[in-house]
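**Q** Take this structure first; my questions come after.
Chains as they are written, first to last, in the working numbering: chain A, 1 to 109; chain B, 1 to 112.
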């Protein structure tokens with residue numbers, strides 16, 4: 001079975017502060033990990049894929065297989081980063097995405 | 001660039017009625033996925049199709065059925081609607097084997 005856990009439902013930081021959204025996963029094989037962002041109940045938008053090792057909008061995420069984590073980080077949060085963030089896993093046995101419970105990030109001015 | 005299109009965007013139905021949700025994938029995408037997101041919940045996978053064949057099945061109620069057509073668009077048919085079916089229904093599309101799924105804006109279904 002595959003499972004994604006985001007321990008923080010709510011996260012509030014001030015503008016310019018560093019932010020880290022935690023994601024832990026459980027999967028017996030080699031998963032693909034993603035971060036999706038959802039602004040004000042709009043469509044889910046892909047933010048990052050672990051295989052691409054890219055930085056989008058200043059966000060980065062590193063897959064730590066030892067700790068089974070894929071935390072999302074940004075050194076200086078901006079107000080426009082306020083949104084719901086979902087960590088998702090795609091296993092090798094199928095194509096479905098399994099999402100975590102989501103973390104609502106609020107960046108205060 | 002063209003995105004995933006879903007229609008209708010909003011739908012209000014009474015209990016025990018039926019509903020049909022439509023999804024038009026990104027051009028040349030051959031795989032379609034359906035997800036259900038209840039209020040305050042994370043998206044839950046329902047079902048997916050590749051080349052008009054069901055490729056994966058999740059927690060989709062027996063009252064729901066879906067299919068993919070020759071033009072790759074997909075329809076989710078929901079019968080005997082219940083209050084608990086009220087949710088945002090997302091469709092996503094991808095190329096088979098590709099890791100990235102692109103989501104549509106969703107259809108917000110309200111069952112009264």
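Just so it is clear, CB atoms sit at the ideal spot from N, CA and C, and this is done for glycine as well.
Here the structure is a predicted model, which is why all the values come from computation and not from measurement.
Taking only beta-carbon positions, decide if residue 25 of chain B is within less than 7 Å of chain A.
**A** One-based indexing of the second chain puts residue 25 of chain B at position 25. Residue 25 of chain B does not count as touching chain A.
**Q** Are residue 72 of chain A and residue 21 of chain A touching if we call contact CB-CB under 7 Å?
**A** In the first chain, residue 72 of chain A corresponds to position 72, counting from 1. In the first chain, residue 21 of chain A corresponds to position 21, counting from 1. For residue 72 of chain A and residue 21 of chain A, yes; Cβs fall inside 7 Å.
**Q** Taking the DSSP output, what are the residues bridged to residue 87 of chain B?
**A** Counted from its first residue, the second chain places residue 87 of chain B at position 87. The partner list for residue 87 of chain B (beta bridge, DSSP) reads B:109.
**Q** For residue 101 of chain B, go through chain A and note every residue whose CB falls closer than 7 Å to its CB, in chain order.
**A** Here residue 101 of chain B corresponds to residue number 101 of the second chain, with the count starting at 1. Neighbours of residue 101 of chain B on chain A, chain order: 97.
**Q** Within the same chain, show all residues whose beta-carbon is closer than 7 Å to that of residue 51 of chain B, passing over the 5 residues directly before and after it, in chain order.
**A** Within the second chain, the letter at position 51 stands for residue 51 of chain B. Closer than 7 Å at the Cβ level, and outside the excluded window around residue 51 of chain B, lie 30.
**Q** Going by beta carbon distance, what residues of the same chain come within less than 7 Å of residue 38 of chain B, once the five residues before and after it are set aside?
**A** Position 38 of the second chain holds residue 38 of chain B. The residues are 87.
**Q** On the three-state DSSP scale, how would you describe residue 56 of chain B?
**A** By 1-based counting over the second chain, the position of residue 56 of chain B is 56. In the structure shown, residue 56 of chain B sits in a strand (DSSP, three-state: E or B).
**Q** From the beta carbon of residue 42 of chain B, is the nearest beta carbon of chain A less than 7 Å away?
**A** As a position in the second chain, residue 42 of chain B is number 42, starting the count at 1. With 7 Å as the cut-off, residue 42 of chain B counts as an interface residue toward chain A.
**Q** Please report how far the alpha carbon of residue 106 of chain B lies from the alpha carbon of residue 7 of chain A, in whole angstroms.
**A** Working through the second chain from its first residue, we reach residue 106 of chain B at position 106. Working through the first chain from its first residue, we reach residue 7 of chain A at position 7. Distance between the alpha carbons of residue 106 of chain B and residue 7 of chain A: 26 Å.
**Q** Assign residue 107 of chain A to one of two classes, buried (16 or more other C-beta atoms within 10 Å of its C-beta) or exposed (fewer than that).
**A** Here the question's residue 107 of chain A lines up with position 107 in the first chain. The residue in question, residue 107 of chain A, is buried, as its Cβ has 16 or more Cβ neighbours within 10 Å.
**Q** For the beta strand (DSSP E) holding residue 98 of chain A, just list the boundary residues, first then last.
**A** Here residue 98 of chain A refers to the residue found at position 98 of the first chain. Counting along the chain, the beta strand (DSSP E) containing residue 98 of chain A begins and ends at 97–99.
**Q** Residue 197 of chain B touches chain A at which residues, Cβ-Cβ below 7 Å?
**A** No statement about residue 197 of chain B is possible, as the shown extent of chain B runs from 1 to 112 and does not include it.
**Q** Just how far apart, CA to CA, sit residue 56 of chain B and residue 80 of chain B?
**A** Counting from 1 along the second chain, the entry for residue 56 of chain B is found at position 56. Counting from 1 along the second chain, the entry for residue 80 of chain B is found at position 80. Cα to Cα, residue 56 of chain B sits roughly 23 Å from residue 80 of chain B.
**Q** Select from B:41, B:63, B:14, B:5 the residue whose C-alpha is nearest the C-alpha of residue 111 of chain B.
**A** Within the second chain, the letter at position 111 stands for residue 111 of chain B. Answer by Cα proximity: B:14.
**Q** Determine, using beta carbons only, whether residue 64 of chain B comes closer than 7 Å to chain A.
**A** Position 64 of the second chain, counted from the first residue, corresponds to residue 64 of chain B. No, residue 64 of chain B does not count as interfacial toward chain A.
**Q** Does the distance from the C-beta atom of residue 63 of chain A to that of residue 56 of chain A stay below 7 Å?
**A** Locating residue 63 of chain A in the first chain gives position 63, where the first residue counts as 1. Locating residue 56 of chain A in the first chain gives position 56, where the first residue counts as 1. No, these two residues do not count as a Cβ contact at 7 Å.
**Q** For residue 79 of chain A, which three-state DSSP category applies?
**A** Start at 1 with the first residue of the first chain, and residue 79 of chain A comes out as number 79. It is helical.
**Q** Quick check: residue 32 of chain B and residue 43 of chain B, are their CB atoms within less than 7 Å of each other?
**A** Within the second chain, the letter at position 32 stands for residue 32 of chain B. Within the second chain, the letter at position 43 stands for residue 43 of chain B. No, the pair does not count as a contact, with Cβ atoms beyond the cut-off.
**Q** Between which two residues does the beta strand (DSSP E) holding residue 51 of chain A run?
**A** Against the first chain, residue 51 of chain A aligns to sequence position 51. Where residue 51 of chain A is concerned, there is no enclosing beta strand (DSSP E), given that its DSSP letter is neither H nor E.
**Q** Who are the neighbours of residue 105 of chain B on chain A, taking C-beta pairs under 8 Å?
**A** On the second chain, residue 105 of chain B is found 105 positions in, with the first residue counted as 1. Simply 42, 43.
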